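**Q** Dumping the structure here so I can ask a few things about it.
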Amino acid sequence: MTITQSPKKIGLASRVVNQVLAIKPLANFAKNRARNMMINRAESLGVPWRENYRQLSDRTCWEQELEAVTNPSLDYPDYYLTSFHAYESGNMSWQAAWEVESAAYAVHAKIWQDTGAKGDAQLRASYHRLLQQNLTISPQTILDLGCGIGMSSFALQENYPQAKVTGVELSPYFLAVAQYRSQQNQHQIQWLHRAAENTGLPDNSFELVSACLIFHELPTTAAKAIITEAYRILRPGGYLAIMDMNPNSEVYQKMPPYILTLLKSTEPYLDQYFGLDMATTFTEIGFNPPTIKVNSPRHRTIIGLKA
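Heads up, the final residue of the sequence shown is numbered 312 in my numbering, and it's a clean run with no missing numbers.
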């Protein structure tokens, strides 16, 4: 289904939630509550969260692998050095890197009825179906912005096996896990420890720039800067594709205040994301008017062509 986006205003319930989260003890309580609910949900679905964490944390060579992927000259943007997903240091920690896969399975479980822990795989498949339907090219060079531990990069490689895939990520901890997973699965992906808004990659060098589930974690200024950077590095005839939360979804519009509080306690820029008019942003930067389609009851895909 194609959707038309208009900026989403902050409703009364959301404003009350913001006031609650401004009180640090209440915000910390909400974060811990959200985290515990996610772990319990994952394990109730058969995702062995604690065991997955133990297996990764028991490895003894992480520090050497971290050093190997880290770009020592990288300046981290201020917005990134904050609490995300109930981790006080956000994505800049081993704990976040070792738990993100289990968290994805838990968060995306039951997007559709009867999917359970397979909801994450179905969500990514729904995104790739839309890419196949709306791209007029079979991209040979693909950049995955905010690649995390590589889950989105691996899906891109599997759907475009002929392509050279590059992953860009700000967290060196996530990149160390991505490198480990790619060695396990024999994926040939280039990992770069860089900011998505300042990749340092050449102009006109990619046919597809993809960003999965990162824009809801960005303030407006960073989101616009990343879309601008994607436009710069795309070749004419190339595409920027973004898959993320759909602000117009009834799931979020009708979310009970208590659950909304837990969600916003782990997502500090959610209001800015929900308020950003993506269609206008794309065209102002230079893309053709983008295609915006629903790909799950909670997600949308935005595809813009650089003419």
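For every residue, glycine included, the Cβ atom is placed at its ideal position computed from N, Cα and C.
Every value quoted in this text rests on a predicted model; they were computed, and no experiment measured them.
1. Using only alpha-carbon positions, find the residue among ILE231, PHE220, ILE308 that is nearest to TYR278.
2. Can you tell which of MET260, SER254, MET250, GLY242 has its C-alpha closest to the C-alpha of LEU310?
3. Hey, out of PHE159, LEU128, ASN253, whose CA is closest to ILE147's CA?
4. Would you kindly report the start and end of the unbroken beta strand (DSSP E) that includes HIS133?
5. Using a Cβ distance threshold of 8 Å, determine whether the region 41-51 contacts the region 119-134, with at least three qualifying pairs required.
6. Do you know how far the Cα of ASP208 is from the Cα of ILE308?
7. Would you kindly report the start and end of the unbroken alpha helix (DSSP H) that includes GLN118?
8. Is it right to say MET42 is buried, meaning 16 or more other beta carbons lie within 10 angstroms of its own, or is it exposed?
9. Per the DSSP calculation, GLY198 is bridged to which residue(s)?
10. Span of the beta strand (DSSP E) holding PHE211?
11. Check each candidate in ALA73, ASN139, PHE89, GLU93 and name the one with the smallest Cα separation from TYR244.
12. What is the rounded straight-line gap between the Cα of ALA114 and the Cα of SER107?
13. For my contact list, TYR178 and TRP99 are in at a C-beta cut-off of 8 Å; report their separation, rounded to the angstrom.
14. Assuming ALA102 contacts ALA181 under a Cβ cut-off of 8 Å, what Cβ separation, rounded to an integer in Å, is found between them?
15. For TYR92, write down the residues that DSSP places opposite it in a beta bridge.
**A** Judging by the given coordinates:
1. For the purposes of this step, residue 278 is taken as residue 273 along the sequence shown, with counting starting at 1. Of ILE231, PHE220, ILE308, the smallest CA-CA separation from TYR278 is found for PHE220.
2. Translated into the one-based positions of the sequence shown, residue 310 becomes position 305. Minimum Cα distance to LEU310 is reached at GLY242.
3. If you number the sequence shown from 1, residue 147 lands on position 142. Cα-wise, what sits closest to ILE147 is PHE159.
4. Here residue 133 corresponds to residue number 128 of the sequence shown, with the count starting at 1. Per DSSP, HIS133 belongs to no beta strand (DSSP E); it is in the alpha helix (DSSP H), 124-139.
5. yes
6. Numbered from its first residue, the sequence shown carries residue 308 at position 303. Numbered from its first residue, the sequence shown carries residue 208 at position 203. In a straight line, the C-alpha of ILE308 is about 20 Å away from that of ASP208.
7. As a working mapping, residue 118 is identified with position 113 in the sequence shown. From DSSP, GLN118 is part of no alpha helix (DSSP H); its letter is neither H nor E.
8. Working through the sequence shown from its first residue, we reach residue 42 at position 37. With fewer than 16 other Cβ atoms within 10 Å, it is exposed.
9. Here residue 198 corresponds to residue number 193 of the sequence shown, with the count starting at 1. Checking the sequence shown, residue 198 turns out to be His, not Gly. Looking at the DSSP output, HIS198 bridges to GLU174.
10. By one-based count along the sequence shown, residue 211 stands at place 206. Looking at the DSSP string, the run of the beta strand (DSSP E) that includes PHE211 is 211-217.
11. Looking up residue 244 in the sequence shown gives position 239. TYR244 has its Cα closest to that of ASN139, out of ALA73, ASN139, PHE89, GLU93.
12. Within the sequence shown, numbered from 1, the residue matching residue 114 stands at position 109. Within the sequence shown, numbered from 1, the residue matching residue 107 stands at position 102. If I take the Cα positions, the gap works out to 11 Å.
13. Your numbering for residue 178 matches position 173 in the sequence shown. Your numbering for residue 99 matches position 94 in the sequence shown. Between TYR178 and TRP99 a beta carbon distance of about 6 Å is seen, short of the 8 Å cut, so the two are scored as contacting.
14. Position 97 of the sequence shown holds residue 102. Position 176 of the sequence shown holds residue 181. Their Cβ separation, rounded to whole angstroms, is 7 Å, which keeps ALA102 and ALA181 in contact under 8 Å.
15. Position 87 of the sequence shown, counting from 1, holds the residue named residue 92. Checking the DSSP bridge columns, you'll see TYR92 partnered with PHE89.
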